[in-house]
């Protein structure tokens, strides 16, 4: 549905040339939610601006539903953009317009008849849970409500793709969850394809089907949530299932990554019984991701534990493990 | 009550004042109209043609902004006015009277107002412009539906300031042939030592400025929805919004 290939963007800053995007590839299937996570400075904002053609990429292509946006002439950019609904970090509503007028804005631009606008706006505000707030100005709404209006506005032109740029970064944790759930529900009911750019792992955990890690203008890891979580040494896996820092002591410690059904089984007691070990858990993290359970454990097993044999045994059981 | 008697007998007040008041209003009215008509688009142009604007035009922008606007603004108004007398004669056929004075008043006020417009428009956050562009707005639609509308409270305040400035300039214009309250105060107050007329003229000018400022403030407040305290729609919605903050 969304395909990005070898997207590059360089800026000139005085005499220096700055590479903001260094060959980004991305493929998001129809109906799924893809997260792009990265620290500030990783190139997230540039990526968003290139995807919406607010900035022209230096090279590479962006294709949405088989249509290459990057090949569209300047004069047709406006029509092309209407296929993308965009949600911003700070909602970016117009203060001079009521909630209803903000939602109506994209429809006014294409001269939609007044009666059609009115019914569409009512439907959209109902959809985002803001029935009765049509006449409120943004200054009268809470952060979460503003973002709901922003989502309704993004959906007004009936786009195929919803592009969310840090949609919850300005919201408190409870409101964040509400907004994420709303986006998730809308994806299902409207058959949207969603791309969420964020720096919050919580967003990825809660609603994403797949995720890419952006670092220095490159995608360094990507895949379905359950796949990246199950990659023992992966950065995303560590971010999804974090453990506190570990200072190696005299006693060998192991790091175990449990994925799927195994994570629900009595892994440690089986291991202890098999090698007659006394296992001590140093740290652990267990999460439900993409409807299955994942766990990362750091364990200690006493001085004389046969580490190599234990690693072999764990591997035979389908458990990824390494010496911590 | 010498002063009160004078109010009704002094020909400077009973005969000249209404006429000169009308002349001042005429100058402020005509030049205010043209300042709005030309200064507003010029202010929009100053913003949109800047290097980071909606439609960057580096060379034209530098010429208009640097040469036309800044040079005009750096010439003291009294001098600008005298130097524009030939232009006024060309445009209006005369070099004296309120209509002729309106030419130099407009040319003095347009760059001033344009800068104020530019500053007001710059306050509209770039995120709002991006949002409008992403939803498929043309640049003209961004200007009319986003920039001008979002900056309206600031634009009204800018125009109010400009009108007040024009009242002051018009008094100066009066002295070199424009007529109006400025000339009245000068002729009677300075040249005939008629303090009464001068005091009355000052009071009237102060009242005019007050009226302009209060009207401007009221109008700006009416269109300003930026904070909940000034938003026009009643308390009902505000309470409901507050009650649902926790619910997001």
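Protein chains in written order, with this note's numbering: chain A, 1 to 324; chain B, 1001 to 1248.
For every residue, glycine included, the Cβ atom is placed at its ideal position computed from N, Cα and C.
Just so we're clear, the structure is a prediction, and the values are computed from it rather than from any experiment.
Report the partner residues of residue i according to the DSSP bridge assignment.
i             : result
residue 280/A : 300/A
residue 22/A  : 8/A
residue 86/A  : 163/A
residue 34/A  : 195/A, 210/A
residue 295/A : 258/A, 286/A
residue 28/A  : 2/A
residue 17/A  : 12/A
residue 215/A : 218/A
Could you tell me which chain B residues have their CB closer than 8 Å to the CB of residue i, listed as they occur along the chain?
i             : result
residue 105/A : 1132, 1135, 1145
residue 326/A : Residue 326/A cannot be examined here, being either before or after the span of chain A that is shown, 1 to 324.
residue 157/A : 1135, 1136
residue 81/A  : 1133, 1134, 1135, 1136
residue 78/A  : 1136, 1137, 1138
Shorter than 8 Å from the beta carbon of residue i to some beta carbon of chain B?
i             : result
residue 40/A  : no
residue 324/A : no
residue 231/A : no
residue 70/A  : no
residue 109/A : yes
residue 12/A  : no
residue 278/A : no
residue 123/A : no
Would you mind telling me which residues of chain B sit closer than 7 Å to residue i, beta carbon to beta carbon, in chain order?
i             : result
residue 90/A  : 1127
residue 169/A : Residues of chain B passing the Cβ test: none, with the nearest at roughly 13 Å.
For residue i and residue j, what's the separation of their Cα atoms in angstroms?
i              : j              : result
residue 259/A  : residue 239/A  : 15 Å
residue 1110/B : residue 1062/B : 17 Å
residue 302/A  : residue 295/A  : 22 Å
residue 64/A   : residue 1076/B : 58 Å
residue 79/A   : residue 266/A  : 57 Å
residue 137/A  : residue 1164/B : 32 Å
residue 165/A  : residue 1124/B : 20 Å
residue 32/A   : residue 196/A  : 11 Å
residue 113/A  : residue 107/A  : 9 Å
residue 248/A  : residue 130/A  : 53 Å
residue 292/A  : residue 286/A  : 11 Å
residue 167/A  : residue 146/A  : 11 Å
residue 277/A  : residue 305/A  : 7 Å
residue 35/A   : residue 284/A  : 25 Å
residue 1115/B : residue 148/A  : 37 Å
residue 971/B  : residue 202/A  : With chain B represented from 1001 up to 1248, any question about residue 971/B goes unanswered, as that position is not in the structure.
residue 1133/B : residue 53/A   : 10 Å
residue 386/A  : residue 297/A  : Nothing can be reported for residue 386/A, as the shown portion of chain A is limited to 1 through 324.
residue 1015/B : residue 1196/B : 14 Å
residue 216/A  : residue 58/A   : 16 Å
residue 14/A   : residue 20/A   : 15 Å
residue 1136/B : residue 115/A  : 21 Å
residue 1066/B : residue 23/A   : 41 Å
residue 1142/B : residue 1122/B : 13 Å
Check whether chain A comes within 8 Å of residue i, counting only Cβ atoms and requiring the distance to be less than that.
i              : result
residue 1152/B : yes
residue 1138/B : yes
residue 1149/B : yes
residue 1210/B : no
residue 1238/B : With a pLDDT of 45 at residue 1238/B, under the threshold of 50, the predicted position of this residue should be treated as unreliable, and no value is reported.
Which chain A residues are close to residue i, counting only those with a beta carbon under 9 Å from its beta carbon?
i              : result
residue 1226/B : 95, 96, 137, 138, 139
Can you tell me where the alpha helix (DSSP H) holding residue i begins and where it ends?
i              : result
residue 130/A  : First-last for residue 130/A: undefined, no H or E at that position.
residue 1039/B : 1017–1048
residue 1122/B : 1098–1122
residue 1157/B : 1152–1173
residue 1226/B : Per DSSP, residue 1226/B belongs to no alpha helix (DSSP H) and is neither H nor E.
residue 1179/B : Taken as a continuous stretch (DSSP letters only), residue 1179/B belongs to no alpha helix (DSSP H), as it is neither H nor E.
residue 108/A  : 99–109
residue 1003/B : 1002–1009
residue 1013/B : No alpha helix (DSSP H) holds residue 1013/B; DSSP gives it neither H nor E.
Considering just the uninterrupted stretch of the beta strand (DSSP E) at residue i, what are its terminal residues?
i              : result
residue 221/A  : 218–224
residue 64/A   : 59–64
residue 255/A  : 253–259
residue 1069/B : Looking at the DSSP string, residue 1069/B is not in any beta strand (DSSP E), and its letter there is neither H nor E.
residue 321/A  : 320–323
What residues from chain A crowd round residue i, counting only those whose CB sits closer than 8 Å?
i              : result
residue 1141/B : 109
Report the neighbours of residue i on chain B: residues whose CB is nearer than 9 Å to its CB, in chain order.
i            : result
residue 54/A : 1130, 1133, 1134
Return yes when at least one heavy atom of the ligand FAD lies under 7 Å from the C-beta of residue i, else no.
i              : result
residue 1188/B : With respect to small molecules bound, the structure shown includes none, and the ligand FAD cannot be examined in it.
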